[in-house]
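In my numbering, the protein residues as written are 5 to 151.
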């Protein structure tokens, strides 16, 4: 059983920030979501710090992050090669990512990222699925524009 250390209390975990879905063709995936769920048009982005093309669909109060690999050896490329298209991760908003990483490590959680790194909508860190019953979980400290 995990016990909250007394000295780590300055991080709030909020709602789901987004759901990440790996796709092989971003335009086709966007058209499918628009046809099935009346998803709004959205911009396709290519962040310079990740080998992906992405679209963040604002589906009501939920964000869906569609991710197409630009490099088959990238994390998303390898995921699709091994598992096919589909749910890649669930992301939660946090108020203090550094503090949350330290807290999780104190619990013995295996972190993929032991320090925050740049993501599409803010600073991010991933928990290893071995520590979360098989689900890849991302923590996001949103940028001021995305809060």
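From the three backbone atoms N, C-alpha and C, an ideal C-beta is built for every residue, glycine too.
Query - Through-space distance from residue 66 to residue 153, alpha-carbon basis - result: The structure shown does not extend to residue 153, since the chain is modelled only from 5 to 151, so the question has no answer here.
Requested in this report: Would you mind stating whether residue 18 and residue 98 have Cβ atoms separated by less than 8 Å?
Outcome: Residue mapping note: residue 18 aligns to position 14 of the chain shown, counting from 1. Residue mapping note: residue 98 aligns to position 94 of the chain shown, counting from 1. Yes, Cβ-Cβ distance for residue 18 and residue 98 is below 8 Å.
Requested in this report: Check whether the Cβ atoms of residue 64 and residue 73 sit closer than 8 Å, and answer yes or no.
Outcome: The residue given as residue 64 occupies position 60 in the chain shown. The residue given as residue 73 occupies position 69 in the chain shown. Cβ distance not < 8 Å, so residue 64 and residue 73 don't count as in contact.
**Report entry** residue 53, enclosing alpha helix (DSSP H) - first and last residue
**Finding:** As a first step, residue 53 must be located in the chain shown, where it is residue number 49. From DSSP, residue 53 is part of no alpha helix (DSSP H); its letter is neither H nor E.
Requested in this report: Could you check the C-alpha separation between residue 14 and residue 48 for me, to the nearest Å?
Outcome: Position 10 of the chain shown, counted from the first residue, corresponds to residue 14. Position 44 of the chain shown, counted from the first residue, corresponds to residue 48. If you take the alpha carbons of residue 14 and residue 48, they lie about 35 Å apart.
Query raised in the report: Do the CB positions of residue 26 and residue 90 come within less than 8 Å of each other?
Result: Taking the chain shown and counting its residues from 1, the one referred to as residue 26 is at position 22. Taking the chain shown and counting its residues from 1, the one referred to as residue 90 is at position 86. Yes. Within cutoff.
Query raised in the report: Any idea which residues DSSP pairs residue 67 with across the strands?
Result: Position 63 of the chain shown holds residue 67. Partner(s): 62.
Query - Cβ-based burial, residue 83 [other Cβ within 10 Å; buried from 16] - result: Taking the chain shown and counting its residues from 1, the one referred to as residue 83 is at position 79. Buried, because 16 or more other Cβ atoms sit within 10 Å of the Cβ of residue 83.
**Report entry** Beta carbon of residue 95 nearer than 8 Å to that of residue 16
**Finding:** Stepping through the chain shown from its first residue, residue 95 is reached at position 91. Stepping through the chain shown from its first residue, residue 16 is reached at position 12. No, the pair does not count as a contact, with Cβ atoms beyond the cut-off.
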